[in-house]
Every structure is written in structure tokens, then in C-alpha cells.
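Everything on this sheet refers to the single structure shown next.
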DNA sequence: TGATAAGTGGAGAATCAACCTCCGCTCCGA
DNA sequence: TCGGAGCGGAGGTTGATTCTCCACTTATCA
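Protein chains in written order, with our numbering: chain A, 24 to 247; chain B, 24 to 247.
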């Protein structure tokens with residue numbers, strides 16, 4: 024009500040209040056990362072060990088908290104793309120980017136949701152994406168120029184690929200959160216114009232019994 | 024549209040009631056395929072042009088309606104797998120299966136949800152999957168024996184691949200519901216032990232402007 | 001060491017959306 | 001014609017979430 028956690032606060036928070044603010048941010052990171060943005064602020068409060076009121080006094084609503092949290096993660100994604108472009112080997116740069124960006128998305132459900140779905144913090148997300156787009160275009164174009172990647176792969180395919188892989192990761196998160204690396208391998212081998220052998224899968228397949236657990240661990244959107 | 028008459032009732036429905044029952048089933052098919060299982064029975068009633076009470080009189084709850092509806096779709100999936108195995112060419116059989124099963128899942132959001140997530144009609148779904156599993160194992164195994172598919176691909180990878188592709192289809196459904204075929208192409212090329220060229224993409228890439236529409240059309244899980 | 005204002009917890013009000021029931025009325029069909 | 005199957009849809013119920021309020025606690029400073 025009083026403030027919007029604006030940049031220049033005339034008066035600093037009391038020591039205990041600041042401590043709680045940090046606790047809330049840490050708890051929110053934990054909760055949003057593992058359970059996604061649909062987690063309630065009550066959940067965050069419980070995880071932080073403070074009352075809900077305390078959460079609402081610091082952050083007017085969930086969006087404000089989410090934005091505060093994910094700003095730097097989006098920055099990390101952009102950095103990953105730029106690092107890929109800095110790699111002198113065009114193929115290696117692209118693959119590394121795909122794997123690292125995939126890892127960020129696969130291990131952070133909240134980040135995935137904020138990036139892939141409209142709703143929260145559109146402005147910041149939009150800005151992050153605007154920064155990524157040219158880098159991705161360059162990454163793909165450079166590898167194509169080198170003949171390392173099939174010529175008809177489009178830059179817009181990359182977000183879809185990341186989306187699919189992170190969907191697989193989320194789907195299997197309770198049982199084998201790394202299984203998506205197999206499908207990254209498949210996609211990467213599929214992107215080459217031609218090849219002699221295969222890139223070995225970095226992780227083993229899921230055993231048949233595992234499939235049941237995956238499904239059971241993934242209840243329908245809301246409880247029936 | 025298939026008729027889904029239940030078991031022989033001692034006394035048949037009145038003519039108008041039977042007509043409404045069919046209307047409800049048709050409406051439910053429409054609503055569940057496009058909006059998924061989270062659509063409410065009120066939605067179904069509206070689409071059918073009947074009152075909610077009428078829906079609930081015929082189907083005790085959403086699960087009963089969903090089960091009645093999806094029984095034959097699951098059958099269609101099994102049939103697709105069996106048809107793939109009947110194909111004399113092991114590679115062609117596998118690829119055709121992947122594409123056709125993908126199409127079923129990509130065009131039917133409700134089917135995707137009932138198959139991929141626990142919740143509704145577990146028994147029937149379970150039975151359908153039990154029938155598919157050996158067929159898929161055979162499809163993959165046969166193609167591997169022929170040296171057409173990388174040897175370390177596991178049968179359990181297939182459901183994941185279908186899941187990922189249908190996730191992409193759902194994500195882009197408002198803008199380019201066929202875009203997933205590009206990623207199927209990529210995955211298929213990635214499955215080969217080696218290859219000279221690439222399978223051409225059957226559909227064009229999404230233009231950059233399209234990405235924005237995709238995101239906007241995909242609102243967050245719940246509104247803030 | 002108070003005095004005092006900042007800060008806190010958490011019950012519960014407000015809201016929302018979906019599920020399902022109920023009952024007065026309609027209209028089928030013998 | 002008339003009994004009863006069938007109908008619509010307002011509204012009760014449930015459950016989850018968001019957010020408010022205020023009596024109580026605690027940091028800070030004179």
C-alpha cells in the first residue's frame with residue numbers, strides 16, 4: 024500500500040523487515056522454481072516462515088514478486104546466448120547455447136512459464152526476448168554459413184525447440200529431470216546437414232516402469 | 024461421427040432425450056478437443072444448446088463423459104501403431120506411426136491430456152497403453168535390427184517424443200497448428216544412425232511476428 | 001530505559017470459478 | 001388427454017486464492 028518498492032526509498036527498511044524481505048525472495052525463488060508461478064503467495068509465506076501479511080506488505084501482488092525474481096534469470100538466458108555467439112566454433116556455440124538455455128528452462132519451472140506464456144511481467148520479458156532474437160539469428164545463420172546446420176532451419180525454430188525440451192523436462196521432473204537431454208541430442212543430430220554417426224545419449228533411457236510414475240506424478244491441471 | 028450408445032438399457036430414452044444425448048456428445052467432442060479437459064460441463068452444455076441439468080442427468084460427471092468420448096480415440100491410436108508394424112518397411116512404418124500418432128495428439132487437446140496426465144479414465148487409458156507398448160517396442164526394435172535407427176533409442180523415448188511434439192502443437196495452435204511437423208522432421212533425422220542429406224521440412228517456419236502471437240494466444244495457467 | 005512508530009502474523013472477508021442439485025414447467029407418447 | 005419423463009438454468013456448495021485488518025511484538029533512538 025505504502026510503497027511499490029521503488030528504486031529510491033527515502034527511508035531504509037528496519038533491520039528485521041529487510042531480513043524478512045530477503046527471506047521472502049529466497050522462498051519465492053524456491054517455490055516458483057519448483058512448483059511454477061501458480062504457487063500461491065500463501066505458499067511462499069509458509070516457505071519463508073512469515074505471515075502472508077508480511078509478504079503482501081512488501082510486494083503488492085504476485086506479479087511484482089515474480090518480476091523482481093526473474094529479471095536476472097532472463098538476463099542469464101541472454102548471457103548464455105551471447106556466450107554461444109562468442110564461441111569461435113559456430114556449431115559448438117549453437118549446441119552449447121541450446122544445452123545451457125535448455126538447462127536454465129528445464130530446472131526452473133517459473134522461468135519457463137514467465138517466458139513461454141503471457142501474463143506476468145510482459146514488458147521485461149519482451150525486452151529480454153528482443154535482446155535475444157538477433158543473437159539467436161546470428162547463431163543459427165553463422166552455423167548455416169559454415170555448412171554445419173541444415174540451411175532451412177529458421178531462427179524462430181529455436182524457441183520452439185527450447186519449449187519442447189523444457190516441456191519434456193517438466194513432464195518427467197519427478198522421476199528423471201534430465202531425460203530431456205536425450206531429446207536435445209536427437210534434435211541436434213537432426214539439425215546437421217549430414218552426418219556419419221550419432222552423438223551418444225548423455226543419459227540413460229527411462230525404464231518402462233518409470234513411465235507410470237511420470238504419469239502419476241503429473242496430475243491433471245486441477246484436481247477432479 | 025461415431026455413435027456411442029451405452030450398454031442396452033432396459034428402457035430406451037425418450038426420443039428428445041436421445042437427441043439431446045447425441046448433441047451433448049457432439050458438443051463435448053468439439054469442446055474437449057479444442058479447449059482440453061479443463062473445459063467445464065457448463066461450456067459443453069452451452070455448446071450443445073441444452074441446460075447443465077440435462078448434461079448431468081445423462082453423465083454423472085465429467086469423467087464419465089470424457090471416458091465415453093475418448094474410448095475410440097485411444098483405439099485409433101492403437102490402430103495407428105499396429106498399422107505401422109504392418110508396414111513391410113521398418114523405417115517407413117516407424118516414421119508413419121510417429122507422424123500419424125502425432126497428428127492425432129496434435130489435433131485433439133483432450134486426447135493429449137487424457138493420455139499424458141493422470142486424472143481421468145485411468146483404467147481405459149491404462150489398457151490402451153498396455154496394448155500399445157509391445158507394438159511400439161516391436162516397431163523400434165525392428166527398425167534397429169535393420170540398422171535404420173540408432174541402436175540406443177529406447178521404446179520409452181517414443182511417448183516422450185510424442186509428448187514434446189504435441190506440446191509444440193498445442194503451444195502454436197492458434198497461429199500455426201502444423202508447425203510441430205518441422206520438429207518431427209528434425210527428430211526423425213536425428214534418429215537415423217547416419218545420413219547423407221536432410222528430410223525437407225513439410226511446412227514453412229513461423230515468421231518472427233508469429234512468435235508474438237503464439238505467446239499472446241497462450242495465457243498463463245490462471246489469470247492474475 | 002522507555003516511548004513510539006515500524007513491522008508482524010494469521011484469521012477471515014472477498015472473490016472467483018467450477019461442480020452439481022433442485023424444482024417448477026414443458027412436452028412426449030400411449 | 002394426461003402421467004410422468006425430461007428440461008432449463010438459477011443458485012447452493014465447495015475449494016482455492018487473493019488480499020485486508022488490527023491487536024500484538026519489536027527495533028530504534030533519545
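Backbone N, C-alpha and C define an ideal beta-carbon position, used for all residues, glycine too.
With H, G and I counted as helix, E and B as strand and the rest as coil, what does DSSP make of residue i?
| i | result |
| --- | --- |
| residue 51 of chain B | helix |
| residue 218 of chain B | strand |
| residue 141 of chain A | strand |
| residue 120 of chain B | helix |
| residue 109 of chain B | helix |
| residue 59 of chain A | coil |
| residue 93 of chain B | helix |
| residue 130 of chain B | coil |
| residue 175 of chain A | coil |
| residue 84 of chain B | coil |
| residue 34 of chain A | coil |
| residue 211 of chain A | helix |
| residue 40 of chain B | helix |
| residue 115 of chain A | helix |
| residue 104 of chain A | helix |
| residue 205 of chain B | helix |
| residue 199 of chain B | coil |
| residue 228 of chain A | coil |
| residue 136 of chain B | helix |
| residue 27 of chain B | Residue confidence is low: residue 27 of chain B scores 48 on pLDDT, short of 50, so the model does not pin down where it sits. Its coordinate-derived value is still stated next. Reduced to three states, the DSSP call for residue 27 of chain B is coil. |
| residue 244 of chain A | At residue 244 of chain A the pLDDT is 48, less than 50, meaning the model places this residue with poor confidence; the figure from the coordinates comes in the next sentence. Coil, per DSSP. |
How is the alpha helix (DSSP H) around residue i delimited, first residue to last?
| i | result |
| --- | --- |
| residue 75 of chain B | 75–81 |
| residue 158 of chain A | 145–168 |
| residue 186 of chain B | 180–194 |
| residue 70 of chain B | 64–71 |
| residue 236 of chain B | 231–239 |
Assuming contact is defined by CB atoms lying nearer than 8 angstroms, are residue i and residue j in contact in what I supplied?
| i | j | result |
| --- | --- | --- |
| residue 181 of chain B | residue 211 of chain B | no |
| residue 215 of chain A | residue 172 of chain A | yes |
| residue 92 of chain B | residue 141 of chain B | no |
| residue 137 of chain A | residue 99 of chain A | no |
| residue 46 of chain B | residue 73 of chain B | yes |
| residue 87 of chain B | residue 77 of chain B | no |
| residue 233 of chain B | residue 199 of chain B | yes |
| residue 178 of chain B | residue 179 of chain A | no |
| residue 108 of chain A | residue 162 of chain A | yes |
| residue 135 of chain A | residue 217 of chain B | no |
| residue 131 of chain B | residue 96 of chain B | yes |
| residue 236 of chain A | residue 197 of chain A | yes |
| residue 54 of chain B | residue 65 of chain B | no |
| residue 209 of chain A | residue 213 of chain B | yes |
| residue 56 of chain A | residue 144 of chain A | no |
| residue 8 of chain A | residue 81 of chain A | For chain A, the structure presents residues 24 to 247; residue 8 of chain A sits outside this window and is missing. |
Inspect the CB distances between the region 221–231 of chain B and the region 222–233 of chain A and report whether three or more fall short of 8 angstroms. Between the region 221–231 of chain B and the region 222–233 of chain A there are fewer than three C-beta pairs closer than 8 angstroms, too few to call the two in contact.
Stretch-stretch touch, CB-based, cutoff 8 angstroms, three pairs: the region 103–113 of chain B with the region 136–152 of chain B: By the criterion of at least three beta-carbon pairs nearer than 8 angstroms, the region 103–113 of chain B is not in contact with the region 136–152 of chain B.
Can we say the region 187–205 of chain A touches the region 174–188 of chain B, given the rule of at least three CB pairs closer than 8 angstroms? These segments touch.
Would you call the region 120–131 of chain B and the region 196–212 of chain B in contact, with 3 or more CB pairs under 8 angstroms? Cβ pair count under 8 angstroms is three or more, so yes.
At a cut of 8 angstroms, does the region 107–116 of chain A reach the region 56–70 of chain A through at least three beta carbon pairs? No, because fewer than three Cβ pairs between the region 107–116 of chain A and the region 56–70 of chain A fall closer than 8 angstroms, the two stretches do not touch.
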